[in-house]
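For the record, the sequence lines run as chains U and B.
In terms of numbering that gives the first Met the number 0, the first sequence opens at residue 0 and continues consecutively.
In terms of numbering that gives the first Met the number 0, the second sequence opens at residue 0 and continues consecutively.
Cβ coordinates follow ideal geometry from the N, Cα and C atoms, glycine included.
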Amino acid sequence: MIFAGLPLAQLLMIAGAATALTVLLYVLKLRRRPVPVPFARIWDAVFRDRQATELFSKLRRLLSLLFQLALLALLILALGNPKPKAAILEGRHLVVLVDGSASMKAIDVKPSRIEVAKAEVRKLVHGLGSADRALIVEMGSLPSPLSTMSSDVTELDPAIDSLTASDTRADLERGLSFAVDSLRGLPKAEIVVVSDGVLGDSSELEKHVDFGGASLKFMPIGKSGNNVAISQFSVRRYPLDKSRSEVMLEVANTNDQPVQIELTLLGDGTIIDVSRIALGPNERLPRYYQDLAGASRTLEAKIRLADGRSDDLPADDHAFALMPERHRARVLLISRGNTYLDAALLLDEYLDVTTVPPGRPLPSEHFDVAILDGVADSLPDTVGAALYLNPPEDGSPAKLGHAIKDFGFDTWDKKSPILRFLALGDVQVAEGHAFAPGPSDHVLGASEQGPILVSGVRAGHKFVALGFDPRNSDLVLRVAWPLFVLNSINAFVEEDTGYVSSFRTGDVWRIPVPSSVDSATLIDPRGGKHTVPVKEGRAVYLGEEAGFYKLVAGSGSDAVSSEFAANLSDLAESSITPVSALSLGKARAEPVVLGAPGSKRELWVYLLAAVAALSVIEWITYHRRVTV
Amino acid sequence: MGLLDLFRRDSAPRASKREHQLFDDEFQRKLEMLALVSRRVFAGRLRAERRSKKKGSGLEFADHRDYVPGDDFRSVDWNVYQRFGKLLVRLYEEEEDLSIYLIVDCSTSMGFGDKKKFDQARRLCAALAYVGLANLDRVTIVGVNDALVSRMPTTRGKGRIFKVFEFLSQLEPRGVTDLGTALKTFVAQHKRRGLAVLFSDLYDPAGFEAGINMLRFNKFEPYVVELVDPAEVRPALKGDVRIYDCETGEERELTVTDSMLDKMQRAALDYRASIERFCAQKQVPYFPADVNTPFDELVLRVFRRGGFLR
């Protein structure tokens with residue numbers, strides 16, 4: 000027996016002092032309880048018996064002292080925290096990595112794999128020896144320790160209770176690395192992986208992780224893996240008709256048996272399509288919905304087995320997407336009349352065009368874009384951006400170079416959103432001017448004779464300048480012409496045709512923030528609020544939950560909010576067939592042997608219980624006047 | 000203002016409330032009823048015409064005595080002179096109102112146990128005073144412990160009952176019992192003899208006999224009402240205690256057991272028996288008054304037993 004609490008010498012000192020104090024108090028307590036009586040003489044008759052009862056009284060008083068000394072001894076022993084010597088020497092150190100991936104939400108075992116895992120971990124912790132210590136870690140896309148390395152069950156139990164499964168994949172390599180780091184230098188190190196084994200390819204992990212003497216154990220969870228999943232889901236608006244959109248989704252059967260599923264598409268919460276799909280064994284089936292109408296903002300896809308049963312993992316049966324928000328762009332056209340330009344602007348019904356002849360006063364209201372056709376009038380600050388077509392020397396945002404003839408686009412920036420989908424290789428231009436762009440300007444297109452399409456920023460306003468009159472070319476006869484005009488407007492009004500309709504859970508998301516702030520507030524699908532940092536105009540967040548999110552940047556009247564969706568979209572995580580053994584290359588994790596529950600005994604608890612019991616007895620005997 | 004002030008402030012109204020409740024409306028209604036009952040008990044007698052043992056100039060012949068110079072010639076019994084040749088004077092029983100002295104023990108022991116004995120004594124005293132006042136007797140109330148602590152001047156007429164209440168309300172139990180000394184002062188101050196009712200627990204360290212004898216020897220007609228609290232006969236005590244007399248502070252240490260409590264009970268009953276025995280021997284009316292019995296019932300019991308008023 001050794002004392003894990005206070006050392007023996009200190010205990011003896013405390014015992015000596017406390018005993019002396021108790022005896023002193025006892026001696027002081029010998030003063031009898033004073034009781035008034037109305038006429039003491041009547042008691043004279045009974046005093047003859049006093050001698051006979053004195054001895055018994057003294058014995059009872061001695062019993063009371065012994066009682067108090069026993070209480071004191073038990074309390075001091077409890078302070079010492081006595082433990083069997085063997086228990087101290089044989090302590091193990093465990094890191095329990097509990098899989099918190101989406102596959103742990105599977106309900107093939109009731110109520111779910113994560114709940115069964117929690118129960119198993121609880122059994123493991125309660126079965127630890129009194130000298131064993133454990134650390135509970137939730138293994139998601141990043142390992143999250145939920146407790147300290149502790150032998151205290153009252154600390155470990157809440158950590159186990161807080162384990163959850165998120166909509167991400169589990170990163171076993173990171174989890175193992177964390178466990179190895181946590182166990183470095185500790186004797187009898189063990190890593191216990193509690194998982195369904197859906198952890199991706201782990202065959203090479205042995206080479207990447209140095210266990211350094213720690214033994215690896217595996218506790219399998221789950222029994223079956225019947226699952227169908229929505230593995231891809233995305234939506235986009237048509238570039239030329241943003242009122243319509245198209246959807247691409249992919250459904251996958253991860254079983255070896257063919258299944259029939261029912262696919263439901265919801266736009267803005269309302270069902271817009273229901274279809275039945277037959278999937279062969281392990282088949283992935285892409286599906287397109289072209290010219291989809293009925294949704295303006297949110298889109299959801301749900302699948303279920305056609306016979307009405309639920310599969311084992313409901314988490315991947317529901318996918319979310321958000322269409323880019325549409326708003327009517329205000330365009331100020333300064334032109335003497337350009338049929339080709341008018342025709343191009345008519346293609347997008349979301350454009351609100353105001354035409355002003357050159358030289359006339361400009362309207363004072365706000366415009367997103369001004370198109371200056373052959374003119375370069377001075378623009379007020381209420382105009383956000385400008386598209387210059389064949390600007391004159393005076394007023395051109397980019398300095399005009401020499402005049403050029405018979406040229407075309409020899410090079411152009413195909414990645415620029417302005418030139419997306421454009422085929423400009425064989426455009427023929429009769430005459431125009433080359434630009435002499437400034438150092439911060441960006442040349443979007445150039446002929447061999449010089450830059451002919453330039454973009455940049457002047458006084459905080461974006462501009463795009465075309466160095467020739469399109470009517471002096473065959474550009475206006477091509478499909479590229481209206482696309483160029485509309486792409487330019489879209490680029491100015493920051494409406495991205497390559498909009499990301501959903502993010503993938505488990506990744507670090509970089510969400511565009513339409514405001515210059517350092518941090519933003521992210522509201523998750525359950526309504527929880529998180530403050531996330533904004534770096535280079537994008538909010539950075541590690542998302543672990545599928546659903547619709549809202550990002551609010553700024554505060555008060557300046558607050559700007561945007562929405563986006565997140566999906567699991569991980570076929571590996573949807574293949575939930577559990578494994579019974581975990582292999583890391585050649586190494587194989589050993590099975591976990593649970594100790595008997597309740598073997599983790601703390602002697603001091605029983606000592607305190609004895610103190611409480613003796614106190615109760617003392618209290619009863621005191622009030623019954625047995626020991627006083 | 001300290002914590003103790005709070006208690007003090009609180010305790011004062013509580014005490015006055017208690018005194019107020021002592022002689023409340025209910026109590027006064029019962030007194031009226033008792034006065035009516037007492038009239039029935041003494042039916043046929045004239046009000047304020049109780050015959051005293053004092054000889055005087057009343058109508059009813061009582062005795063003869065020798066003539067001494069200065070006696071009124073009209074009271075000489077000439078028939079006796081004619082028959083026996085001796086000058087004898089006729090004596091008549093003097094008709095006068097009775098003096099009732101109500102003596103309340105105000106020692107600390109009377110207040111023992113939540114003042115039950117003291118309250119009962121004051122209620123009984125007030126009841127008897129009312130009956131006396133209603134019969135136009137001369138009523139005097141005194142409070143005693145080891146001295147005469149308070150005295151209500153002699154009064155008559157039932158309209159003075161509120162003075163009685165006021166007097167009794169201001170009495171407080173304190174001090175040591177010494178009835179012999181206290182009543183010695185009482186008899187010295189009250190030359191007019193009469194009925195003396197003693198309300199006391201008779202816990203007198205000098206012996207209860209001294210006080211009663213003092214009244215007897217000085218021609219008062221003593222009547223003893225002993226206040227009895229059953230809780231004092233077998234107190235709820237157990238274990239090692241140091242008992243002390245609430246009046247004298249006399250201490251005794253002992254370990255109380257059940258058998259000891261039995262002995263204590265017997266001793267207490269023996270003490271009461273000795274009082275009763277003494278009173279019987281000396282022909283002093285004795286009446287035990289239990290604190291748990293309603294006062295009106297006790298008063299009626301006194302009337303029924305008779306002999307309280309003659």
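Nearest to residue 330/U by CA position, among 310/U, 314/U and 361/U, is which residue?
-> Counting from 1 along the first sequence, the entry for residue 330/U is found at position 331. Out of 310/U, 314/U and 361/U, 361/U has the C-alpha closest to the C-alpha of residue 330/U.
Figure out for me which residue from 69/U, 266/U, 267/U and 227/U has the closest Cα to the Cα of residue 282/U.
-> Counted from its first residue, the first sequence places residue 282/U at position 283. Cα-wise, what sits closest to residue 282/U is 227/U.
Whose C-alpha, out of 449/U, 121/U and 443/U, is nearest the C-alpha of residue 455/U?
-> The residue given as residue 455/U occupies position 456 in the first sequence. Of the candidates 449/U, 121/U and 443/U, the one whose C-alpha sits nearest the C-alpha of residue 455/U is 443/U.
Can you give the Cα-Cα distance for residue 259/B and residue 113/B, rounded to whole angstroms?
-> Taking the second sequence and counting its residues from 1, the one referred to as residue 259/B is at position 260. Taking the second sequence and counting its residues from 1, the one referred to as residue 113/B is at position 114. Rounded to the nearest angstrom, the two C-alpha atoms are 25 Å apart.
Looking only at C-alpha atoms, which of 253/U, 36/U, 17/U and 366/U sits nearest to residue 310/U?
-> To locate residue 310/U, count along the first sequence from 1; it is residue 311. Taking only the C-alpha atoms, the option nearest residue 310/U is 253/U.
Secondary structure of residue 79/B, DSSP reduced to three states | Here residue 79/B refers to the residue found at position 80 of the second sequence. Correct three-state label for residue 79/B: helix.
Is the shortest distance between the beta-carbon of residue 41/U and the beta-carbons of chain B less than 8 Å?
-> Within the first sequence, the letter at position 42 stands for residue 41/U. Yes, contact with chain B.
Coil, strand or helix - residue 616/U by DSSP | Position 617 of the first sequence, counted from the start, is the residue given in the question as residue 616/U. Helix at residue 616/U.
Find the residues of chain U that neighbour residue 240/B, judging by a C-beta separation of less than 9 Å, and give them in chain order.
-> Position 241 of the second sequence, counting from 1, holds the residue named residue 240/B. Those within 9 Å of residue 240/B in chain U are 31, 32, 33 and 34.
As assigned by DSSP and simplified to three states, the class of residue 63/B | Along the second sequence, one-based indexing puts residue 63/B at 64. It is a strand residue.
Chain U beta carbons: is any one of them nearer than 8 Å to that of residue 111/B?
-> The count along the second sequence starts at 1 and reaches residue 111/B at position 112. Chain U contact via Cβ: present.
Give a yes or no on whether the C-beta atoms belonging to residue 565/U and residue 462/U are separated by under 8 Å.
-> On the first sequence, residue 565/U is found 566 positions in, with the first residue counted as 1. On the first sequence, residue 462/U is found 463 positions in, with the first residue counted as 1. Not a contact, by the Cβ cut-off of 8 Å.
Cβ distance (whole Å) where residue 446/U is taken to contact residue 483/U below 8 Å | For the purposes of this step, residue 446/U is taken as the residue at position 447 of the first sequence. For the purposes of this step, residue 483/U is taken as the residue at position 484 of the first sequence. In fact, because the Cβ distance is near 16 Å, the residues do not count as touching under 8 Å.
With DSSP run on the structure shown, which of helix, strand or coil describes residue 400/U?
-> Your numbering for residue 400/U matches position 401 in the first sequence. Three-state result, residue 400/U: strand.
How many angstroms separate the CA atom of residue 60/U from the CA atom of residue 219/B?
-> Residue mapping note: residue 60/U aligns to position 61 of the first sequence, counting from 1. Residue mapping note: residue 219/B aligns to position 220 of the second sequence, counting from 1. Cα to Cα, residue 60/U sits roughly 56 Å from residue 219/B.
List the endpoints of the continuous beta strand (DSSP E) containing residue 387/U.
-> Against the first sequence, residue 387/U aligns to sequence position 388. Start and end: 382–388.
Straight-line gap, residue 161/U to residue 578/U (C-alpha atoms, nearest Å) | Start at 1 with the first residue of the first sequence, and residue 161/U comes out as number 162. Start at 1 with the first residue of the first sequence, and residue 578/U comes out as number 579. C-alpha separation (whole angstroms): 25 Å.
Kindly indicate if chain U contains any beta-carbon less than 8 Å away from that of residue 11/B.
-> Locating residue 11/B in the second sequence gives position 12, counting from the first residue. For residue 11/B, the predicted model reports a pLDDT of 40, less than 50, meaning its position is unreliable and no value from the coordinates is stated.
Under a three-way DSSP split, which group does residue 282/U fall into?
-> Reading the first sequence from its first residue, position 283 is the one you call residue 282/U. Three-state DSSP puts residue 282/U in coil, outside helix and strand.
Where does residue 170/B sit, in a helix, a strand or coil, going by DSSP?
-> Stepping through the second sequence from its first residue, residue 170/B is reached at position 171. If DSSP states are grouped into helix, strand and coil, residue 170/B belongs with coil.
Name the two residues that bound the continuous beta strand (DSSP E) containing residue 32/U.
-> Along the first sequence, one-based indexing puts residue 32/U at 33. Counting along the chain, the beta strand (DSSP E) containing residue 32/U begins and ends at 32–36.
Establish whether the CB of residue 597/U and some CB of chain B are separated by less than 8 Å.
-> Taking the first sequence and counting its residues from 1, the one referred to as residue 597/U is at position 598. Unreliable positioning characterises residue 597/U in this predicted model, as indicated by a pLDDT of 44, which lies under 50. A coordinate reading is not provided.
For the stretch 176–223 of chain B, which segments carrying the beta strand (DSSP E) assignment without a break, of at least 3 residues, lie completely within its bounds, in sequence order?
-> 194–199
Below 7 Å CB to CB, which residues in the same chain sit around residue 172/U once its five sequence neighbours on both sides are set aside?
-> As a position in the first sequence, residue 172/U is number 173, starting the count at 1. Excluding sequence neighbours, residue 172/U sits near 204, 207 and 208.
How long is the line joining the alpha carbons of residue 328/U and residue 100/U, rounded to whole angstroms?
-> The sequence position of residue 328/U within the first sequence is 329, counting from 1. The sequence position of residue 100/U within the first sequence is 101, counting from 1. Answer to the nearest angstrom: the Cα atoms are 43 Å apart.
Within the present structure, is the beta-carbon of residue 127/U separated from the nearest heavy atom of the ligand SAM by less than 7 Å?
-> As far as ligands go, the structure on display features none, and thus does not contain the ligand SAM.
Under 7 Å Cβ-Cβ, which residues of chain B neighbour residue 46/U?
-> For this step, residue 46/U is matched to residue 47 along the first sequence. Per Cβ cutoff of 7 Å: 251 and 253.
Once you ignore the five residues that flank residue 108/U on each side, which residues in its own chain have a CB closer than 8 Å to its CB?
-> Mapped onto the first sequence, residue 108/U falls at position 109. Excluding positions up to five away in sequence, the list reads 115, 220, 221 and 222.
Are residue 180/U and residue 103/U close, meaning C-beta to C-beta below 8 Å?
-> Translated into the one-based positions of the first sequence, residue 180/U becomes position 181. Translated into the one-based positions of the first sequence, residue 103/U becomes position 104. Result no, Cβ atoms of residue 180/U and residue 103/U do not sit closer than 8 Å.
Cβ contact check for the stretch 99–112 of chain B and the stretch 242–251 of chain B: 3 or more pairs under 8 Å | yes
Would you say residue 140/B and residue 182/B are within 8 Å of each other, going by their C-beta atoms?
-> Taking the second sequence and counting its residues from 1, one reaches residue 140/B at position 141. Taking the second sequence and counting its residues from 1, one reaches residue 182/B at position 183. Going by C-beta atoms, residue 140/B is not nearer than 8 Å to residue 182/B.
Based on the DSSP output, what are the partners of residue 528/U in its beta bridges?
-> Start at 1 with the first residue of the first sequence, and residue 528/U comes out as number 529. BP columns for residue 528/U point to 522/U.
Expected contact under 8 Å - CB spacing of residue 292/U and residue 243/U to nearest Å = For the purposes of this step, residue 292/U is identified with residue 293 of the first sequence, where counting begins at 1. For the purposes of this step, residue 243/U is identified with residue 244 of the first sequence, where counting begins at 1. That belief holds up - the Cβ atoms of residue 292/U and residue 243/U are roughly 6 Å apart, short of 8 Å.
Alpha helix (DSSP H) segment containing residue 131/B, residue limits | Taking the second sequence and counting its residues from 1, one reaches residue 131/B at position 132. Element bounds for residue 131/B: 115–133.
Which word fits residue 15/U, buried or exposed, when buried means at least 16 other C-beta atoms lie within 10 angstroms of its C-beta?
-> Sequence index remark: in the first sequence, residue 15/U carries index 16 (1-based). So residue 15/U ends up on the exposed side.
Could you tell me which residues DSSP puts in a beta bridge with residue 301/U?
-> In the first sequence, residue 301/U corresponds to position 302, counting from 1. DSSP, once it has assigned bridges, lists 263/U and 317/U as partnering residue 301/U.
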